[in-house]
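Okay, so here's the structure we're looking at.
Protein chains: 2
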Amino acid sequence: MPALPTLPALPPPALPGQPLRAVDTPALVLDLDAFARNLERMQSACDRAGVQLRPHAKAHKCPDIALAQVARGAVGICCQKVSEALPFVAAGIRDLHVSNQVVGGSKLALLAALARHAHLSVCVDDARQVEALAEACATAGSRLSVLVEIDIGQGRCGVADGTAALRLVEAIDRHPQLVFRGLQAYHGGIQHLRGHGERREAAARAAQRTAAALRILQGAGVRSEVVTGGGTGSVEFDLASGVYTELQPGSYVFMDADYGRNQGAAAADGLRFEHSLFLAATVMSVAAASRAEPRVIVDAGLKSVATDSGLPLPWRDGARDGRLDYLAANDEHGIVAPAAGAGAGADALPALGEQMLLVPGHCDPTLNLYETLVTVRGGTVAGLWPVAARGHSR
Amino acid sequence: MPALPTLPALPPPALPGQPLRAVDTPALVLDLDAFARNLERMQSACDRAGVQLRPHAKAHKCPDIALAQVARGAVGICCQKVSEALPFVAAGIRDLHVSNQVVGGSKLALLAALARHAHLSVCVDDARQVEALAEACATAGSRLSVLVEIDIGQGRCGVADGTAALRLVEAIDRHPQLVFRGLQAYHGGIQHLRGHGERREAAARAAQRTAAALRILQGAGVRSEVVTGGGTGSVEFDLASGVYTELQPGSYVFMDADYGRNQGAAAADGLRFEHSLFLAATVMSVAAASRAEPRVIVDAGLKSVATDSGLPLPWRDGARDGRLDYLAANDEHGIVAPAAGAGAGADALPALGEQMLLVPGHCDPTLNLYETLVTVRGGTVAGLWPVAARGHSR
Numbered sequence: 001m002p003a004l005p006t007l008p009a010l011p012p013p014a015l016p017g018q019p020l021r022a023v024d025t026p027a028l029v030l031d032l033d034a035f036a037r038n039l040e041r042m043q044s045a046c047d048r049a050g051v052q053l054r055p056h057a058k059a060h061k062c063p064d065i066a067l068a069q070v071a072r073g074a075v076g077i078c079c080q081k082v083s084e085a086l087p088f089v090a091a092g093i094r095d096l097h098v099s100n101q102v103v104g105g106s107k108l109a110l111l112a113a114l115a116r117h118a119h120l121s122v123c124v125d126d127a128r129q130v131e132a133l134a135e136a137c138a139t140a141g142s143r144l145s146v147l148v149e150i151d152i153g154q155g156r157c158g159v160a161d162g163t164a165a166l167r168l169v170e171a172i173d174r175h176p177q178l179v180f181r182g183l184q185a186y187h188g189g190i191q192h193l194r195g196h197g198e199r200r201e202a203a204a205r206a207a208q209r210t211a212a213a214l215r216i217l218q219g220a221g222v223r224s225e226v227v228t229g230g231g232t233g234s235v236e237f238d239l240a241s242g243v244y245t246e247l248q249p250g251s252y253v254f255m256d257a258d259y260g261r262n263q264g265a266a267a268a269d270g271l272r273f274e275h276s277l278f279l280a281a282t283v284m285s286v287a288a289a290s291r292a293e294p295r296v297i298v299d300a301g302l303k304s305v306a307t308d309s310g311l312p313l314p315w316r317d318g319a320r321d322g323r324l325d326y327l328a329a330n331d332e333h334g335i336v337a338p339a340a341g342a343g344a345g346a347d348a349l350p351a352l353g354e355q356m357l358l359v360p361g362h363c364d365p366t367l368n369l370y371e372t373l374v375t376v377r378g379g380t381v382a383g384l385w386p387v388a389a390r391g392h393s394r
Numbered sequence: 001m002p003a004l005p006t007l008p009a010l011p012p013p014a015l016p017g018q019p020l021r022a023v024d025t026p027a028l029v030l031d032l033d034a035f036a037r038n039l040e041r042m043q044s045a046c047d048r049a050g051v052q053l054r055p056h057a058k059a060h061k062c063p064d065i066a067l068a069q070v071a072r073g074a075v076g077i078c079c080q081k082v083s084e085a086l087p088f089v090a091a092g093i094r095d096l097h098v099s100n101q102v103v104g105g106s107k108l109a110l111l112a113a114l115a116r117h118a119h120l121s122v123c124v125d126d127a128r129q130v131e132a133l134a135e136a137c138a139t140a141g142s143r144l145s146v147l148v149e150i151d152i153g154q155g156r157c158g159v160a161d162g163t164a165a166l167r168l169v170e171a172i173d174r175h176p177q178l179v180f181r182g183l184q185a186y187h188g189g190i191q192h193l194r195g196h197g198e199r200r201e202a203a204a205r206a207a208q209r210t211a212a213a214l215r216i217l218q219g220a221g222v223r224s225e226v227v228t229g230g231g232t233g234s235v236e237f238d239l240a241s242g243v244y245t246e247l248q249p250g251s252y253v254f255m256d257a258d259y260g261r262n263q264g265a266a267a268a269d270g271l272r273f274e275h276s277l278f279l280a281a282t283v284m285s286v287a288a289a290s291r292a293e294p295r296v297i298v299d300a301g302l303k304s305v306a307t308d309s310g311l312p313l314p315w316r317d318g319a320r321d322g323r324l325d326y327l328a329a330n331d332e333h334g335i336v337a338p339a340a341g342a343g344a345g346a347d348a349l350p351a352l353g354e355q356m357l358l359v360p361g362h363c364d365p366t367l368n369l370y371e372t373l374v375t376v377r378g379g380t381v382a383g384l385w386p387v388a389a390r391g392h393s394r
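From first to last, the protein sequence lines stand for chains A and B. Going by full-length UniProt numbering, the first residue of the first sequence is number 1, and it counts up by one from there. Going by full-length UniProt numbering, the first residue of the second sequence is number 1, and it counts up by one from there.
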């Protein structure tokens, strides 16, 4: 019997130098020019305001992107989970803030071990978390910076006010291996308010709560070296608030369809970001293209794009393709139809085998589906960037 | 300067022999006893009806599970994408049906190469797909079985009727490297109709369309050796329809909260499946537990559980924990509150550090978030099963 041929390996989604249309789909594509402009705009805005930028790596999970952010002036990065920080430390990022509470022995041991390799800070909102951090650091022989998280209106994590924060500062100060650095004050809900005015007012209320907590700490002689928070949707208000020393936006790198629905300021303020992230999909069935409800089927569904903040938007020649809608996502199928009310008919539908680009509804969980980001410049594949922290939710 | 210590590695989520409560969260946990009962029930029902079982591996993406299904009598498995098939072929599965259209040179080359290692079949709904399959097989020196997909009401993939199917059979027959095997007739929408009666009626209409297409093929002297389709929600009707030779359910292995909302038959028919898949999460903040809207925060959000078909349901002592609701998923946070209208107050909330089990809303995209499935028997970790096809959407 002849020997069996070697089992084929899964080829990469693309090779440098290939045209974008040759990328094996579904794939996540990063437009390097738009990406670079987004990075510059955010860094410049922070520099002008004298506020430090610590971008949130939960949006991209990609060490190549973190290194590009730090190279442009970011002081470090945020991670949301301890395991998420690991590939960034391995890639050489030396200042990381875990913008979250860390509970559980395995996570605490990893955090304390990582603190021997990089400057790491973490949030607390309970005295028992402080004791557990101190114990893990004592065991590992490491030191951690600690930020007290205050709830400025989201009702998620964070102590209620400055008085409660003060009690945690006192708990932190009892442990020489823990260093109180300041406050985290983040309100995720503000980021996605659509109106520019309502975002401004909500951000102002949140900043007032942060300022009130800071006054209580100052009154007790406690200095908060860092006040960190903010996101892509509120960054213009956060920069002007006078409260934050550091901002942690993430999505500005990519812009997703959800953030795209936010209403910008009337005046151009230099803080507009561009869509740089695209889902490349291929039409794999046109059997229903000429029926009463014309549609084509693309090879990207729920497993290729997050739909929690809306379905992806068809994109063509640098703008929303208004002739088409992505109607529904099944596990591995996407249904694309002529846009309702756009006067488009079946002739607007792409052909069998044609590649479509789509703007994901929500970038963070979409990145979390992929091992690889295909970078593109001028319609040609530039390289492959590992999404090294994909799935690192522990 | 002393040498830096070695960078720690990410530890596995659990070790065999540990108690379930020691699993590092978020983690996906499989109850092996419930899992085995689900496999037995489905295989027995198919055996009784004389219908072959070809479970859909898109639900689990896990070779250990596929091997268990085949060991109990499944004729092989379904995959939804070519790349998804690869780890199953590598694990020794020898009969795989790609229940989808395959378009694109890279995918076709991989499919044709895999066909040298295992029996592979694939769907078509366009003559151009037939020509491309023939060319890929000619290049690879392999043979493929081909099924014509017919649309039985979903309006997704599949030709409209038997006459259109017949034209594709003729196209397939022109290529010696392609073998026509029969029809795929699947209607995903039926699976999630809640009422038992409406599911029965919709399945009956779909079976009638399949039977009509088969009559046209038979009239032209074409034998369909295989008629494949069906899913967990319609399997009892599909088994009794007399139309299908083979069924492709996937979710029965796990049962998710969405399928759990389907209304069963009035009479016990042996086709009830149990929840065997759980999301283990840990309470990491209780700062808001004693406020006006009491809640605790768990460490599992959008990146740890798919929410497209509803939020996960709290589970305790073998049943839905009616005192608690999982209210909302942020990227890495889950908000848990006393269940609305259940008369439960803040005292029902779990404590800081406590582990919660949750039934995922939709199993398929949830499995696609994890590298590893933690298997548990009687509250003790039994092992770790790789979710080897995770992310294999190409």
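Cβ atoms here follow ideal geometry from the backbone N, Cα and C, with glycine treated the same way.
In the three-state scheme derived from DSSP, where H, G and I count as helix and E and B as strand, Phe254(A) is classed as coil.
Below 8 Å, too few C-beta pairs join the region 223-241 of chain B and the region 342-353 of chain B to call them touching: fewer than three.
Judged by DSSP secondary structure, Gln191(A) falls outside any beta strand (DSSP E) and instead within the alpha helix (DSSP H) spanning 188-191. Looking at the DSSP output, Met356(B) shares a beta bridge with Ala281(B). Residue environment: Asp33(B) is assigned as exposed (fewer than 16 neighbouring CB atoms within 10 Å of its CB, all protein chains considered). Boundaries of the alpha helix (DSSP H) around Ser106(A): 105-114. Here the region 102-122 of chain A lies against the region 74-87 of chain A, with 3 or more beta-carbon pairs under 8 Å apart.
For a Cβ distance threshold of 8 Å, residue set Ala287 of chain A lies close to Val159(B), ordered along the chain.
Taking 8 Å as the cut-off, the beta carbon of Ile150(A) is found closer than this to the beta carbon of Leu183(A).
For Gly73(B), the CB contacts under 7 Å within the same chain, skipping 5 residues up- and downstream, are Gln43, Asp47, Leu53 in chain order.
DSSP places Leu217(A) in the uninterrupted alpha helix (DSSP H) bounded by 196-219.
Nearest to Arg167(A) by C-alpha distance, out of Leu147(A), Gln177(A), Arg156(A), is Leu147(A).
Residue environment: Asp317(B) is assigned as exposed (fewer than 16 neighbouring CB atoms within 10 Å of its CB, all protein chains considered). Approximately 6 Å separates the beta-carbon atoms of Pro365(B) and Lys303(A); this is inside 8 Å, confirming the contact. Here Gln218(B) is exposed, its C-beta having fewer than 16 other C-beta atoms within 10 Å. One Cα belongs to Ala351(A), the other to Cys123(B), and the distance between them is close to 19 Å. For the region 91-117 of chain B, the residues whose beta carbon sits under 9 Å from a beta carbon of chain A are, in order, Asn100, Gln101, Val102, Val103, Gly104, Gly105, Ser106, Lys107, Ala109, Leu110, Ala113, Leu114, Arg116, His117. Interface with chain A (8 Å Cβ-Cβ cutoff): Leu239(B) is excluded. Residue contact with chain B for Thr245(A): absent (no Cβ-Cβ distance below 8 Å to any residue of chain B). Fully contained in the UniProt domain "D-serine dehydratase-like" (276-377) of chain A are the following alpha helix (DSSP H) runs of length 4 or more, in chain order: 363-367. DSSP, reduced to helix, strand and coil, places Asn262(A) outside both helices and strands of the structure shown, so it counts as coil. Straight across, the Cα-Cα distance linking Ser142(B) with Leu7(A) is about 14 Å. Its chain contains Pro13 as the residues whose beta carbon lies nearer than 6 Å to that of Asp24(A), once the 5 sequence neighbours on both sides are disregarded; these appear in chain order. Burial check for Pro26(B): the Cβ neighbour count within 10 Å reaches 16 or more, so the residue is buried. Within the same chain, Cβ atoms closer than 6 Å to the Cβ of Ala185(A) are found at Ile150, Ile152, Thr210, Gly229, the five residues on either side in sequence being excluded. For Ser304(A), the C-beta contacts it makes with chain B under 7 Å involve Ser393, in order along the chain. From the beta-carbon of Pro26(A), the residues of chain B found nearer than 7 Å are Ser393, Arg394. Residue state for Gly242(A) is assigned as coil, using DSSP reduced to three classes. For Ser121(A), the enclosing beta strand (DSSP E) covers residues 119-124.
With a beta-carbon spacing of about 5 Å, Ala388(A) and Pro63(A) fall inside the 8 Å limit used to define contacts.
Cβ-Cβ distances below 6 Å link His175(B) to Ala134 in the same chain, with the five nearest sequence neighbours on each side left out; the list follows chain order.
Residue contact with chain B for Pro176(A): absent (no Cβ-Cβ distance below 8 Å to any residue of chain B).
Straight-line spacing of the CA atoms in Ala118(B) and Glu198(A) works out to 60 Å. Cα atoms of Ala36(B) and Val89(A): separation of roughly 42 Å, rounded to the nearest angstrom.
Going by DSSP, Arg48(B) is part of the alpha helix (DSSP H) stretching over 32-49.
Proximity of the region 331-339 of chain A to the region 360-376 of chain A falls short of the contact definition, fewer than three beta-carbon pairs being nearer than 8 Å.
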